[in-house]
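Protein sequences, first through last, are from chains A and B.
Just so you know, we're using my numbering here: the first sequence kicks off at 87 and counts up by one.
Just so you know, we're using my numbering here: the second sequence kicks off at 87 and counts up by one.
All residues carry an ideal CB built from backbone N, CA and C; glycine is no exception.
The structure appears right after this line, and notes come after that.
Number of protein chains: 2
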Amino acid sequence: MSDKDQKTTRATMVYDRLRREILTGQFRPSEKLRIDAIADSYGVGNNAVREALSRLAAERLVDRHERRGFTAPAMGIEDWQTLARTRCLVESLALRESMNNRTDAWEERIVVAYHHLSKVGKAEKFRQNLPDWNKEHRNFHRALIANCGSHWLLEFCDQLADQAERYIYVSNIYRMSARDGQAEHRALMEVVLDGDIVQAEAALVAHYSKTLIALEELFQTEEFLATLVVEEVD
Amino acid sequence: MSDKDQKTTRATMVYDRLRREILTGQFRPSEKLRIDAIADSYGVGNNAVREALSRLAAERLVDRHERRGFTAPAMGIEDWQTLARTRCLVESLALRESMNNRTDAWEERIVVAYHHLSKVGKAEKFRQNLPDWNKEHRNFHRALIANCGSHWLLEFCDQLADQAERYIYVSNIYRMSARDGQAEHRALMEVVLDGDIVQAEAALVAHYSKTLIALEELFQTEEFLATLVVEEVD
DNA sequence: GAGTCAATAAAAATGCATTTTTTATGTCTA
DNA sequence: TAGACATAAAAAATGCATTTTTATTGACTC
């Protein structure tokens, strides 16, 4: 239609777009995702939307309700806690494996990724560059575990990172993770390159725990909970 | 259409059916899955098939090829090795967590699951009851890790188990895993209930390694490789 | 006023006809 | 014979009209 259909299918286009909107918190938790409405606004048929939503549901990025359509996934503190905890467990595992397979190329990739991250993370530029920072942040963490030797592990970590990203966007606390993350990321990189697995895992867990706690606290506040309330669909 | 549409959608029906066919090796690796053909044979429209295949692709149970349809997933020895290795890693992790959260109900569930498994696994009945045995086998292993406290971990383990199941079905070595598994499962259960995490993890890894090696050896044989060859789709 | 029940509106699910893209076939040329 | 090109056939992708299901509204009963 509009610009480049090159190579991609309508359904994939909708999938990509919806995916990003969900991750960046464009939909409130449990908000209904009306198929026809999306089809209209994207200028495609309903089947493409259906297919896109089905894929997203399989990745747990939307909730499917048989014969009742789809909703943005719910959010809750217990959910967040098990998500964050699982992330620590699985990513630690991947980091350990990655460190066991240490190679020069891997180390270099980490250094480069950190370099890019710190460039985008400078205090001044930071405000405008949230999407960029986010991309580099993801890339840095992925570089750490990239050598784990299992595309399954990488995929699991990605999935958990996506889920966390959504929580972070919806809750609006990304500023914090970016701000003081700077020093922490350097420390994390150094301990990983240093080769002490136990210490490295501890550093990673500590790093993620900051966000875990920050969001936990936010969940205690009334105001925040109010922003989450939406017409629930059983 | 035919019997009970009760509650489920056409797409889900196709999804369930295709899923089982893929898991039980009805399709050769990399075999093309023609949308219209499936739609015809299932007596549904092509959209339902599309949706089902899209979901399965998101779970890595079929391969999607943009604008070229879908194929049954490829199989290869490296793929099998990383799959089996990842399974050991992730399921060990889940087992550890599960044992850390030990409860009476959990222990009882394991005992019951083992009981059912051993009943179906008796040498005489065994030949007829492969689907039953398979179900109970899955259930037993799931019982071990059920207490890990993370639905994410459980889901990851399920996904890996599905993938392994396909390899085992296609390769036809399930007889073996069932045969000598009997004693091994008892030993595994006992060491888990005993509470020594290190030993339990070792037992689990040893258990899965048997299958890993058996399939690795099979991959060395010419005859087996021949059964896998099919018109490849890039 | 709470609870049924029917009627209506809204939304999801579905099938099919059409369009678009890919794949296969065959002819011609260098 | 290998490659380029055109043509035909097959398959995937798409939109829309229709069917089916769910959600809403409001009258009616106890």
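(message) Need the endpoints of the alpha helix (DSSP H) that F310 of chain A sits in, please.
(response) In the first sequence, the residue the question calls residue 310 of chain A occupies position 224. Taken as a continuous stretch (DSSP letters only), the alpha helix (DSSP H) holding F310 of chain A covers E308 to L314.
(request) Return helix, strand or coil for R261 of chain A, following the three-state DSSP convention. (result) Residue 261 of chain A sits at position 175 when you count from the first residue of the first sequence. Of the three classes helix, strand and coil, the one that applies to R261 of chain A here is helix, per DSSP.
(message) Can you tell me which residues form a DSSP beta bridge with F156 of chain A?
(response) Translated into positions along the first sequence, residue 156 of chain A becomes position 70. Answer by DSSP bridge pairing, in chain order: A:L119 and A:R150.
(request) Below 8 angstroms CB to CB, which residues in the same chain sit around S257 of chain A once its five sequence neighbours on both sides are set aside? (result) As a first step, residue 257 of chain A is located in the first sequence; it is residue number 171 there, counting from the start. Closer than 8 angstroms at the Cβ level, and outside the excluded window around S257 of chain A, lie L301, L304 and F310.
(message) Spatial neighbours of A170 of chain A within its chain, please: C-beta separation below 6 angstroms, excluding the five flanking residues on both sides.
(response) Residue mapping note: residue 170 of chain A aligns to position 84 of the first sequence, counting from 1. So the list reads L298, once near-sequence residues are dropped.
(request) Check M99 of chain B in the structure and name its three-state DSSP category. (result) Counting from one through the second sequence, the residue named residue 99 of chain B turns up at place 13. Here M99 of chain B sits in helix by DSSP.
(message) Distance cutoff 8 angstroms, beta carbons only. Does A273 of chain A sit that close to anything in chain B?
(response) Counting from one through the first sequence, the residue named residue 273 of chain A turns up at place 187. No, A273 of chain A lies away from the interface with chain B (no Cβ there is under 8 angstroms from its Cβ).
(request) Whole angstroms is fine: what's the gap from K93 of chain A's alpha carbon to F156 of chain B's? (result) Position 7 of the first sequence, counting from 1, holds the residue named residue 93 of chain A. Position 70 of the second sequence, counting from 1, holds the residue named residue 156 of chain B. Roughly 16 angstroms between the two C-alpha positions.
(request) Answer with yes or no whether the minimum CB distance from K90 of chain A to chain B is below 8 angstroms. (result) Position 4 of the first sequence, counted from the start, is the residue given in the question as residue 90 of chain A. Interpretation of K90 of chain A is limited by its pLDDT of 42, a score under 50 that renders its predicted location unreliable; no figure is taken from the coordinates.
(request) Could you work out which residues of chain B lie near H237 of chain A, taking near to mean beta carbons separated by less than 8 angstroms? (result) Along the first sequence, one-based indexing puts residue 237 of chain A at 151. Residues of chain B passing the Cβ test: T168.
(request) Kindly list the residues whose CB is nearer than 6 angstroms to the CB of N233 of chain A, restricted to its own chain and excluding five residues on each side of it in sequence; keep chain order. (result) Within the first sequence, residue 233 of chain A is the residue found at index 147, counting from 1. So the qualifying residues of the chain are S184, N187 and W192.
(message) On the criterion of 16 or more Cβ atoms from any shown chain inside 10 Å, does S88 of chain A qualify as buried, or is it exposed?
(response) Mapped onto the first sequence, residue 88 of chain A falls at position 2. For S88 of chain A, the predicted structure reports a pLDDT of 34, less than 50, and the residue's modelled location is therefore unreliable. A value from the coordinates is still provided. Result: exposed.
(request) Check whether the Cβ of K118 of chain A lies closer than 8 angstroms to any Cβ atom in chain B. (result) Residue mapping note: residue 118 of chain A aligns to position 32 of the first sequence, counting from 1. Not one chain B Cβ lies under 8 angstroms of K118 of chain A.
(request) Please report how far the alpha carbon of A289 of chain B lies from the alpha carbon of V277 of chain B, in whole angstroms. (result) Within the second sequence, numbered from 1, the residue matching residue 289 of chain B stands at position 203. Within the second sequence, numbered from 1, the residue matching residue 277 of chain B stands at position 191. A289 of chain B and V277 of chain B: Cα-Cα distance of roughly 8 angstroms.
(request) Quick one: give me the first and last residue of the alpha helix (DSSP H) that Q268 of chain B is part of. (result) Translated into the one-based positions of the second sequence, residue 268 of chain B becomes position 182. That run of the alpha helix (DSSP H) goes G267 to D280.
(message) Can you give me the C-alpha to C-alpha distance between R272 of chain B and R261 of chain B, rounded to a whole angstrom?
(response) Position 186 of the second sequence holds residue 272 of chain B. Position 175 of the second sequence holds residue 261 of chain B. Rounded to the nearest angstrom, the two C-alpha atoms are 18 angstroms apart.
(request) Could you list the residues in the region 127-156 of chain A with a C-beta less than 7 angstroms from some C-beta on chain B, going in chain order? (result) N133, R136, E137, S140, R141, A144, E145, E152 and R153
(request) Could you tell me the boundaries of the alpha helix (DSSP H) in which C174 of chain A lies? (result) Here the question's residue 174 of chain A lines up with position 88 in the first sequence. Its alpha helix (DSSP H) spans residues I163 to N186.
(request) Could you list the residues in the region 277-306 of chain B with a C-beta less than 7 angstroms from some C-beta on chain A, going in chain order? (result) Answer set for the region 277-306 of chain B: empty.
(request) May I have the straight-line CA-CA distance separating A158 of chain B from E117 of chain B, to the nearest angstrom? (result) Stepping through the second sequence from its first residue, residue 158 of chain B is reached at position 72. Stepping through the second sequence from its first residue, residue 117 of chain B is reached at position 31. Looking at the two C-alpha atoms, the distance is approximately 5 angstroms.
(message) Buried or exposed, going by whether 16 or more other CB atoms sit within 10 Å of the CB of R154 of chain A?
(response) On the first sequence, position 68 is the one that residue 154 of chain A refers to. So R154 of chain A ends up on the exposed side.
(request) State whether the region 205-219 of chain A contacts the region 208-228 of chain B, with contact taken as three or more CB pairs (one from each stretch) at a distance under 8 angstroms. (result) no
(message) Output needed for T95 of chain B: all residues of its chain with C-beta closer than 7 angstroms, excluding positions within five of it in sequence on either side, in chain order.
(response) For the purposes of this step, residue 95 of chain B is identified with residue 9 of the second sequence, where counting begins at 1. There are no such residues.
(request) Closer than 6 angstroms by C-beta to C110 of chain A: which residues in its own chain qualify, once you throw out the five before and the five after it? Chain order, please. (result) Indexing the first sequence from 1 puts residue 110 of chain A at position 24. Sequence inspection shows Thr at residue 110 of chain A; the Cys mentioned does not correspond to that position. The residues are Y255.
(request) Return the CA-CA distance between V197 of chain A and L239 of chain A, expressed in angstroms with no decimal places. (result) Looking up residue 197 of chain A in the first sequence gives position 111. Looking up residue 239 of chain A in the first sequence gives position 153. Cα to Cα, V197 of chain A sits roughly 22 angstroms from L239 of chain A.
(request) Residues of the region 164-188 of chain B with a CB closer than 8 angstroms to any CB of chain A: list them in chain order, please. (result) T168, L169, R171, T172, L175, V176, L179 and E183
(message) Give me the residue from A:E177, A:A125, A:L139 and A:H237 with the minimum Cα distance to A292 of chain A.
(response) In the first sequence, the residue the question calls residue 292 of chain A occupies position 206. In this structure, A:E177 is the residue among A:E177, A:A125, A:L139 and A:H237 with its C-alpha nearest to the C-alpha of A292 of chain A.
(request) Would you check if the distance between the CB atom of I322 of chain B and the CB atom of C243 of chain B is smaller than 8 angstroms? (result) Outside the modelled stretch of chain B, which goes from 87 to 320, sits residue 322 of chain B, for which no answer is possible.
(request) Output yes or no for whether 8 angstroms exceeds the beta carbon distance between A199 of chain B and N220 of chain B. (result) Position 113 of the second sequence, counted from the first residue, corresponds to residue 199 of chain B. Position 134 of the second sequence, counted from the first residue, corresponds to residue 220 of chain B. The answer is no: Cβ separation not under 8 angstroms.
(request) Closer than 8 angstroms by beta-carbon distance: list the chain B residues that pair up with L246 of chain A, in chain order. (result) Here residue 246 of chain A refers to the residue found at position 160 when the first sequence is read from its first residue. W238, listed in chain order.
(request) Decide if V148 of chain A is buried, meaning its Cβ has at least 16 other Cβ atoms within 10 Å, or exposed. (result) Your numbering for residue 148 of chain A matches position 62 in the first sequence. The residue is buried, with at least 16 neighbouring Cβ atoms inside 10 Å.
(message) If you reduce the DSSP assignment to three classes, tell me which class S295 of chain B lands in.
(response) Within the second sequence, residue 295 of chain B is the residue found at index 209, counting from 1. If DSSP states are grouped into helix, strand and coil, S295 of chain B belongs with the helices.
(request) Taking only beta-carbon positions, decide if K93 of chain B is within less than 8 angstroms of chain A. (result) Sequence index remark: in the second sequence, residue 93 of chain B carries index 7 (1-based). Taking CB atoms only, K93 of chain B has a neighbour in chain A less than 8 angstroms away.
(request) Note down the Cα distance separating R105 of chain A from A144 of chain B, rounded to an integer number of angstroms. (result) Start at 1 with the first residue of the first sequence, and residue 105 of chain A comes out as number 19. Start at 1 with the first residue of the second sequence, and residue 144 of chain B comes out as number 58. Looking at the two C-alpha atoms, the distance is approximately 13 angstroms.
(message) Could you check whether the Cβ of F226 of chain A sits closer than 8 angstroms to any Cβ belonging to chain B?
(response) Taking the first residue of the first sequence as position 1, residue 226 of chain A is located at position 140. So, not an interface residue.
(message) For L274 of chain B and V135 of chain B, I'd like the C-alpha separation in whole angstroms.
(response) As a working mapping, residue 274 of chain B is identified with position 188 in the second sequence. As a working mapping, residue 135 of chain B is identified with position 49 in the second sequence. Within the model, the alpha-carbon separation for L274 of chain B versus V135 of chain B is close to 41 angstroms.
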